[in-house]
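In my numbering, the protein residues as written are 159 to 533.
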């Protein structure tokens, strides 16, 4: 399976190299059919490449072709180079009826080209109409198999109830109902061990066996944290999709918010370490994953509200003032005296769609009371 991973990565990087040499006026880039013909010629001329699975190598071409289509559609970034020990995985298509079978309640078996039948833990039911699966290996050394299937959406209650979600760092998700959801991370003991391992990694010599063992131990802790975050996002998104018919969230540009503040040599950034800590906190809160899973499970029922001034607007009277946000957790309106948790107040504004736009009105076009800025 490691050989399949290297073959898929090698073919992918060849496609990326071809794309990097393209310039205007050099003609069209070869399409998927032309690259498949080039792969056939390369396999005939290279004994090493011919020793791999043609299914895995051709599917790498199809994956890159789909990645380029997504890039030109504006939904994804441009495909980049894949690196060993970081991008390990391959895809198998054209499954036959006996390729996937269940051995016991917790054990299954799948047939992988040139590797035979491989057992895996049966964590959920595999539908009968599955035509492909993807095998991946994470940095901690764990292998995963994922069968391609689009699940049915989660049905709403049908009551017309609306909820607003305010995402933060201290509180991962605050609901307009007053509930606070926090992503479980590493325990205090695990965090101390992670810091010790990172210091040990900094002292280890590059290329040594000790450095490799330390990197694997760090990857296992990181994987444990990521598994807890993914599990929380799955459970929270399913619960929200079942409880509410309309789910409103802030329309945040997370990629721009988590961009580094280092700047350049000529114009260095300010508060770089503080910004890096904030970026790590945002990534650990699972903002993007939560909304993405909500849109998958409740299609058409997730609405994005502009995030401008949602934390400065009073959910009771509609007055907008920066001074009302007394602290990170307390909101006290300077106009009506309404006191509330700051995150819950913002979530209620999101639920009502009362995001203030640049012209002084909310998302529905209603005017709001906004204090003029000091000259």
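A virtual CB, placed ideally from N, CA and C, is assigned to each residue, including glycine.
Here the structure is a predicted model, which means the values were calculated and not measured.
Roughly how many angstroms separate the alpha carbons of residue 368 and residue 358, rounded to a whole number?
-> The straight-line gap from Cα to Cα measures roughly 9 Å.
Residue 316 versus residue 404 - alpha carbon distance | 10 Å
Which residues does DSSP pair with residue 497 in a beta bridge?
-> 490
Inter-stretch contact at 8 Å, needing at least 3 Cβ pairs: the segment 205–222 / the segment 162–181 | Segments in contact, yes.
Please name the residue in 483, 286, 159 whose C-alpha comes closest to that of residue 306.
-> 286
Name the one or two DSSP bridge partners that residue 408 has.
-> In the DSSP secondary-structure assignment, residue 408 is bridged to 463.
Identify the continuous beta strand (DSSP E) that holds residue 294 and give its terminal residues.
-> 290–295
From this set, 302, 313, 441, 390, which residue's C-alpha is nearest residue 276's C-alpha?
-> 302
Contact under 9 Å by Cβ, residue 464 with residue 409 | yes
Residue 266 lies in the beta strand (DSSP E); which residues open and close that run?
-> 265–270
Measuring alpha carbon to alpha carbon, tell me which of 164, 500, 510, 165 ends up nearest residue 337.
-> Residue 500 is the option with its Cα nearest to residue 337.
Across which residues does DSSP place residue 324 in a beta bridge pair?
-> 332
Measuring CB to CB, does residue 296 end up less than 9 Å from residue 377?
-> yes
Would you mind stating whether residue 344 and residue 329 have Cβ atoms separated by less than 9 Å?
-> The Cβ atoms of residue 344 and residue 329 do not sit closer than 9 Å to each other.
Which residues bound the beta strand (DSSP E) around residue 246?
-> 246–251
Taking Cβ positions, are residue 333 and residue 505 nearer each other than 9 Å?
-> yes
Over what stretch of residues does the beta strand (DSSP E) that includes residue 275 continue unbroken?
-> 274–279
Which value, in whole angstroms, describes the spacing of the CA atoms of residue 522 and residue 511?
-> For residue 522, the predicted model reports a pLDDT of 47, less than 50, meaning its position is unreliable and no value from the coordinates is stated.
Per-residue DSSP class, three states only, for residue 533 = Because residue 533 sits at a pLDDT of 36, beneath the cut-off of 50, its placement in the model cannot be relied upon, and the following sentence gives the value as read from the coordinates. In the structure shown, residue 533 sits in coil (DSSP, three-state: anything other than H, G, I, E or B).
Distance between beta carbons of residue 165 and residue 215, contact taken as under 8 Å | About 5 Å separates the two Cβ atoms, so the contact holds.
Neighbour-count burial assignment, residue 563, 16 or more Cβ in a 10 Å radius = Missing from the structure shown is residue 563; the chain here goes from 159 to 533 and no further.
In the segment 378–439, which residue ranges form an unbroken beta strand (DSSP E) of at least 3 residues, counting only runs that do not cross its ends?
-> 404–408
Can at least three beta-carbon pairs, one atom from the segment 188–202 and one from the segment 225–244, be found at a separation below 8 Å?
-> no
How would you call residue 193, buried or exposed, if buried means at least 16 neighbouring beta carbons within 10 angstroms?
-> buried
When the distance is taken between beta carbons, is residue 440 closer than 9 Å to residue 327?
-> yes
Of the residues 176, 291, 466, the one placed nearest residue 308, counting alpha carbons only = Selected option, being the one with the closest Cα: 291.
Please state whether DSSP places residue 226 in a helix, a strand or coil.
-> helix
So is residue 455 buried or exposed if we call it buried at 16+ other beta carbons inside 10 Å?
-> buried
Work out the CA separation of residue 163 and residue 133 for me, nearest whole Å.
-> In the structure as shown, the chain starts at 159 and stops at 533, and residue 133 therefore has no counterpart that could be examined.
When the Cα atoms are used, what is the spatial distance from residue 513 to residue 503?
-> Here the model assigns residue 513 a pLDDT of 47, short of 50, so the residue's position is not dependable and the matter cannot be decided.
Identify whether residue 303 lies in helix, strand or coil by the three-state DSSP scheme.
-> strand
Hey, could you find the ends of the alpha helix (DSSP H) residue 174 is sitting in?
-> 160–178
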